[in-house]
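What follows is a single structure, written as structure tokens, with notes after it.
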Amino acid sequence: MPTHLTRKVAVPLAAVAMALTLAVGSSSATTRTSATSNARPSSIKVLRVALVAPSATNDLAFTESMYNALEALKVSQHLQISVSENEFVVADAANVIRQYASEGYNLILAHGSQYGSTVEALAPQFPKVSFAWGTAASTFGMKNIFAYEAASNEGGYVQGYMGAMLSKSHVVGVIGPIATGDAKLYVDGFVAGAKAEDKKITAHQVYTGSFSDDSLMATAAKTFVSDGADVLTGSSQSVVGAIGVAKADHLPWFGTQWTQAVLAPKNVVSSQLYNWKPTLIAMIKDIRAGKRGGATYVLKLGNGGEQIQFNPGYKLAKSIKAKGLALIKAIEHNKIKVPT
Amino acid sequence: MAHFFTYAVLTSTVAAAIALSSSFLFAALGETMGQRSGVINLGVDGIMLLSAFATYFTALKTGDLLYAVLAGAGVGLVMGFVTAFISVTLKAEQGISGIGVYLFGLGLSDLLFLRLVGTPLPISQLSPIGIPLLDRIPAVGAMFFRQTILVYLAFLLVPVFTFVLNRTTYGLKIRAAGENPSAADTVGISVARIRWSTVLIGCTMAGLAGAALLLYDGIFMENLTQSEGFIAVALVYFGAWRPLGVMGGSVLYGLAIAVVLSWKSLGIIPLSASDLAATAPAVITVLTLLLVARRFRQPAVLGKPYERGD
Amino acid sequence: MPGGDAEPPAGLAARRVGWETIILSWFALPASLLAALLLGAVMMLLLSVNPISGYHALFDGAFVGSYALGASAARAGPLLFVGVGICISFRASMFNIGGEGQLAMGGLASAATALALPGLPSFVLIPLVLLAGAAGGAGWGAIPGAFKAYFNVNEILSTIMLNLVAVQLMNYLLAGPLVDTTQNSTFGLIPETRLLPHSSWLPILIPGTQLNLGVLIAVLVAGASYVLLWHTGLGFRLRAVGMSREASNYAGIKVKRTMVLAMTLSGAMCGMGGAMLVFGSLAHRMVTDGSLTGFTGSDGFNGIVVALFGGLSPLWSIVSSFLFGGLLTGGDALQVATGVPPDLVTTLEGLVVVFVVSLEYMRRRARASSLAPASSASRDGG
Chain P
394 MPTHLTRKVA VPLAAVAMAL TLAVGSSSAT TRTSATSNAR PSSIKVLRVA LVAPSATNDL
454 AFTESMYNAL EALKVSQHLQ ISVSENEFVV ADAANVIRQY ASEGYNLILA HGSQYGSTVE
514 ALAPQFPKVS FAWGTAASTF GMKNIFAYEA ASNEGGYVQG YMGAMLSKSH VVGVIGPIAT
574 GDAKLYVDGF VAGAKAEDKK ITAHQVYTGS FSDDSLMATA AKTFVSDGAD VLTGSSQSVV
634 GAIGVAKADH LPWFGTQWTQ AVLAPKNVVS SQLYNWKPTL IAMIKDIRAG KRGGATYVLK
694 LGNGGEQIQF NPGYKLAKSI KAKGLALIKA IEHNKIKVPT
Chain G
10 MAHFFTYAVL TSTVAAAIAL SSSFLFAALG ETMGQRSGVI NLGVDGIMLL SAFATYFTAL
70 KTGDLLYAVL AGAGVGLVMG FVTAFISVTL KAEQGISGIG VYLFGLGLSD LLFLRLVGTP
130 LPISQLSPIG IPLLDRIPAV GAMFFRQTIL VYLAFLLVPV FTFVLNRTTY GLKIRAAGEN
190 PSAADTVGIS VARIRWSTVL IGCTMAGLAG AALLLYDGIF MENLTQSEGF IAVALVYFGA
250 WRPLGVMGGS VLYGLAIAVV LSWKSLGIIP LSASDLAATA PAVITVLTLL LVARRFRQPA
310 VLGKPYERGD
Chain Z
-2 MPGGDAEPPA GLAARRVGWE TIILSWFALP ASLLAALLLG AVMMLLLSVN PISGYHALFD
58 GAFVGSYALG ASAARAGPLL FVGVGICISF RASMFNIGGE GQLAMGGLAS AATALALPGL
118 PSFVLIPLVL LAGAAGGAGW GAIPGAFKAY FNVNEILSTI MLNLVAVQLM NYLLAGPLVD
178 TTQNSTFGLI PETRLLPHSS WLPILIPGTQ LNLGVLIAVL VAGASYVLLW HTGLGFRLRA
238 VGMSREASNY AGIKVKRTMV LAMTLSGAMC GMGGAMLVFG SLAHRMVTDG SLTGFTGSDG
298 FNGIVVALFG GLSPLWSIVS SFLFGGLLTG GDALQVATGV PPDLVTTLEG LVVVFVVSLE
358 YMRRRARASS LAPASSASRD GG
């Protein structure tokens, strides 16, 4: 770049700024279109809820489960919802959370464990706003922070147990993104379940090191299959390639976080679904009662936060399904303690 | 370790490496053409992303994988016109304009994905095709001859590109444009036209690379390529601007990924070292280059726009 | 190669220039930005969003009110550090696209330092963590510099590869040696550091905003880098090597050493940016989501845009970093208001880069014709 020219940039830059100001200023003040408000009885105050999520609201996984729960509750719980998706840059997410807080939203869902420290820093500045974050357990001892986490090891255990029953080769393969949060819990639960059914089973597990590298997940699945694995499972939004491997080799697949039967209607045995509705309803109830936080909610099989959805397209032996249902019952009633 | 040295795991690991390397190979072969004529295209990753999205969207809407691949290659070609216009006609700084194209592709592909695709359903994937007779050879058959059509295409293009570069008049002109453009100009070769053509070929190949990657994964997501396009540019240097060398680099890179993943999967690399082990492909590439880079010379005017009278 | 600055040094600029030059030089950059914004408006229309309300939200979120201004400035700080680093390396014709990795290594080195020395007072600890960040980034930049100078390994390649290595190192360190083991979680640890000591936080300059000391330091560093590049022997050598390695060698400049130095300095700037990302954040922890972008916000690339739009001048990069810091901050407001993902801003950045480098040629040509036949300098340089 020519150096002397750069000295002359000041004026043009100012011109741009002015042009921008004019363009913006001349437009009439616009209303923000974030509102998705509904017809509502006047007696109940509308709660303004914001969701800040690291992935897309159609990720077939973690974010989609939360987004759909919010949408489903919108009318019955009188919510006005605003969403910021794909906020995987932690610093940018922090700005967005801050912006929602300053606009007086009643509840801000910081839907990623990497947002926790941001919530911890912001909550004291906005005591009237409720923050919720997860998956995590800590409310940092603050009265306006909720925490929520998913005991995904429970469903993992049930599915691992069923997987071991299905396996003829006594080798199963489990794929995770990075070894943290509900993904790690699920992997550990699945392995524990498989070992509970069959002590000698080989339960291979791998973390690809990325939430978004489909190719690695698919390649890991292929390795498992080549080492004899005949049952596969995996967590995160990048499992589609791996499910493709299960499909190509006609192997059973167990899903988690969101219904994955759509991805392979003939291969998905069951999916562990996150149902955030009870947790959201509980939080909303707290907020309406004047309690802004301080509680940790855990999604479990026993409280309806997690469900095992069997895929009708997969012909699962009745005995295995019965065992799975029995395990769910047992876990619901605390008769089995799933290791974490 | 015993798990790794079994027939099934070894063949599967190599087969996965070959499949993984195909998208690198497409992109790197295309980039080789451009660089031999003197043009660096750093926008490959962005073009791959746009093409991957086009492939995905077309497959989703039409269900036809041939159309999908054509759409991917087509978007590559369109981006080729843009790239050639910027790099050759407008004689822009190629490295920097490439970063611009990359950012453009990165942003736009995700923008379109989020806005145009409701539920991101997976698309059907290419099924492997066994090459008659060859696929029966023990081990070798399972490793190399039960791949998808795009994998075969990528590897078939290696001898084609070698032939074109070394044995045709067109190849001679490409090399002339990259080594001594003013001499080429004086003997009546249009440097601009040659470079336009290599950039178009290169970007179409980047489009095919995006399509191949997408069809391997079966779905699109934000930043699907994970820097594959940049790695492909690196592999051109690695391969010393020769298609065969580029192929070697691509396969080595794919192999490093597949072997590390295999070892992680089989517990040979413990979980605690999982992240560190994942650095292996990049580290191996850089170290190999340390050993070989001094022996090879890059095209003399690589990255420099040509103007008459220079 | 990029950064090849074919123009004669500033002093040689001709007084007598044609109207083409004036138009192109005064309006090329703003025109690039406006053209990109116009295309952005078209994209918004295609996504059925009213571009006026879209840009209104973006502008508000970026520049209206003290909080927005402070947020934009805070966002601009790391961008400016990277941008200055890019100016230095590009001026020496070293194409550093490893800013992402250098940011991460700077962040890690500075966080580790603060964790190791929690008891120190602010006036010692803050300079120390910034220096640690600079050292981390410098080390990560020196490697590709040395590889290029002594082994002829192309720096584009090695910086890309080192980015891939850095992300895994970051994930390893934040989940392992640097992880906060005091987390109250029944279900496994989040890969993040402990809350960093309060004395290491970059103090907020204007209460109620995010404007922190890091911004001021970035501006000072930019000023110092300008002096370094244009008023010191070292700066002269860096630029000379950037213009022609052969000629510099002939003139007795230690070319290889200068190349390594350029990348080291460039990495040091990026590393300080990484430290600012950590100590100027709201959270005051370093956390990973498994990706480089999650930490850097792609500032290793955004910084290239900043430097380019700033004409590869550290001083103009100050202005340009604020502009792009604003765009990035406003991008989030845009999503909140209209649902258009912030990816639009990334797309716009790409367009700006493409336009700027494309117009550059016309500018060169206009200048060449107005200077002809006095100068027939090579236009390739590098």
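Heads up: the protein sequence lines correspond to chains P, G and Z, in order. Following this note's numbering, the numbering of the first sequence begins with 394 at its first residue and continues without gaps. Following this note's numbering, the numbering of the second sequence begins with 10 at its first residue and continues without gaps. Following this note's numbering, the numbering of the third sequence begins with -2 at its first residue and continues without gaps. Idealized CB from N, CA, C, for every residue including glycine.
The alpha-carbon separation between residue 483(P) and residue 153(G) amounts to approximately 43 Å. Between the stretch 662 to 671 of chain P and the stretch 696 to 710 of chain P there are three or more inter-stretch CB-CB distances shorter than 8 Å, so the stretches are counted as touching. One alpha carbon belongs to residue 527(P), the other to residue 673(P), and they sit about 12 Å apart. When DSSP reads this structure, residue 646(P) sits in a beta bridge with 625(P), 661(P). Chain order gives no chain Z residues near residue 619(P), where near means a beta carbon separation below 8 Å; the closest approach is about 25 Å. Of all residues in the stretch 272 to 291 of chain Z, only 274, 278, 279, 280, 281, 282, 284, 285, 286, 287, 288, 290, 291 place a beta-carbon less than 8 Å from a beta-carbon of chain P. Minimum Cα-Cα distance from residue 302(Z) among the listed residues 316(Z), 191(Z), 250(Z) corresponds to 316(Z).
Taking a Cβ-Cβ cut-off of 7 Å, the neighbours of residue 100(G) in chain Z comprise 358, given in sequence order. Below the 9 Å Cβ cutoff, chain P contributes no neighbours of residue 310(G), its closest Cβ being approximately 21 Å away. At least 8 Å separates the beta-carbon of residue 206(G) from that of residue 37(G). About 5 Å separates the Cβ atoms of residue 628(P) and residue 579(P), confirming a contact at the 8 Å cut-off. The beta carbons of residue 326(Z) and residue 68(Z) sit about 5 Å from each other, so the pair counts as a contact at 8 Å. In this structure, the beta-carbon distance from residue 328(Z) to residue 348(Z) does not fall below 8 Å.
Excluding five sequence positions before and after residue 72(Z), the CB atoms of its chain that fall closer than 6 Å to its own CB belong to 322, 325, 326, given in chain order. Note that the stretch 49 to 59 of chain G touches the stretch 84 to 91 of chain G; at least 3 beta-carbon pairs, one per stretch, sit closer than 8 Å. For residue 541(P), the uninterrupted beta strand (DSSP E) segment begins and ends at 538 to 543. The beta carbon of residue 73(G) is closer than 8 Å to those of 67 in its chain, skipping five residues each way along the sequence. Taking the C-beta atoms as reference points, residue 551(P) is found no nearer than 8 Å to residue 713(P). Under a criterion of Cβ atoms nearer than 7 Å, no residue of chain Z is adjacent to residue 611(P); the nearest Cβ is some 18 Å distant. Taking residue 357(Z) as the centre and dropping the five residues before and after it, the same chain places the C-beta of 25 closer than 8 Å to its C-beta, in chain order.
Put simply, the CB of residue 579(P) is far from chain G, with every gap to its CB atoms at 8 Å or more.
Residues of the stretch 634 to 662 of chain P with a C-beta atom less than 7 Å from some C-beta of chain Z do not occur. DSSP, reduced to helix, strand and coil, places residue 702(P) within a strand of the structure shown. Residue 502(P) is bridged by DSSP to 444(P), 525(P).
Residue 116(G) and residue 587(P) have their alpha carbons spaced roughly 42 Å apart.
Rounded to the nearest whole angstrom, the C-alpha separation of residue 455(P) and residue 309(Z) is 42 Å. Only those residues of the stretch 284 to 312 of chain G whose C-beta falls short of 7 Å from the nearest C-beta of chain Z are listed: 284, 285, 287, 288, 291, 292, 294, 295, 298, 299, 302, 303, 312. Residue 21(G) and residue 90(Z) have their alpha carbons spaced roughly 44 Å apart.
In the same chain as residue 449(P), and ignoring 5 residues on each side of it, the C-beta atoms closer than 7 Å to its own belong to 456, 478, 479, in chain order. The residue from 555(P), 539(P), 440(P) with its alpha-carbon nearest to that of residue 719(P) is 555(P).
Listed along chain P, no residue sits closer than 8 Å to residue 279(G) by beta-carbon distance, the nearest being about 11 Å off. Interface annotation, residue 184(Z): in contact with chain P, CB-CB separation under 8 Å. Here residue 518(P) carries a helix assignment [DSSP, helix/strand/coil]. Taking 8 Å as the threshold, the shortest C-beta distance from residue 169(Z) to chain G falls below it. With at least 16 other beta carbons inside 10 angstroms of its own, residue 282(Z) counts as buried. Proximity of the stretch 291 to 304 of chain G to the stretch 174 to 191 of chain Z falls short of the contact definition, fewer than three beta-carbon pairs being nearer than 8 Å.
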